[in-house]
Amino acid sequence: MSHYIANLRDIEFCLFDLLKRDEILGKSIFKDIDRETSMGMLEEIKRLAENDLGDSFI
Numbered sequence: 001m002s003h004y005i006a007n008l009r010d011i012e013f014c015l016f017d018l019l020k021r022d023e024i025l026g027k028s029i030f031k032d033i034d035r036e037t038s039m040g041m042l043e044e045i046k047r048l049a050e051n052d053l054g055d056s057f058i
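So in my numbering, the last spot in the sequence shown is 58, and the numbers never skip.
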């Protein structure tokens with residue numbers, strides 16, 4: 001296990017509350033992506049960063 005731990009709550013706050021990225025979701029090139037899908041992708045990236053990729057740096 002790696003020492004890196006991603007804080008999804010902070011990332012979610014920055015993306016959706018601070019930067020208002022949810023305003024562009026569902027439109028134009030993001031028409032198939034909503035907030036739930038975005039968070040699912042971030043959770044998978046978090047898993048990769050903390051486990052698979054993180055283990056390669058130990």
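A virtual CB, placed ideally from N, CA and C, is assigned to each residue, including glycine. Small disclaimer: the values here were computed from a predicted structure and weren't measured.
Taking 7 Å as the threshold (C-beta atoms), are R35 and D52 in contact? Position 52 of the sequence shown, counting from 1, holds the residue named residue 52. Position 35 of the sequence shown, counting from 1, holds the residue named residue 35. Not closer than 7 Å, so no.
Take M41 as the anchor and find which of S28, Y4 and I11 has the nearest alpha-carbon. Here the question's residue 41 lines up with position 41 in the sequence shown. Checking every option, the nearest Cα to that of M41 belongs to I11.
What is the residue span of the alpha helix (DSSP H) that G40 lies within? Translated into positions along the sequence shown, residue 40 becomes position 40. The continuous alpha helix (DSSP H) containing G40 extends over residues R35 to R47.
I need the DSSP call for S56, collapsed to helix, strand or coil. Start at 1 with the first residue of the sequence shown, and residue 56 comes out as number 56. Three-state result, S56: coil.
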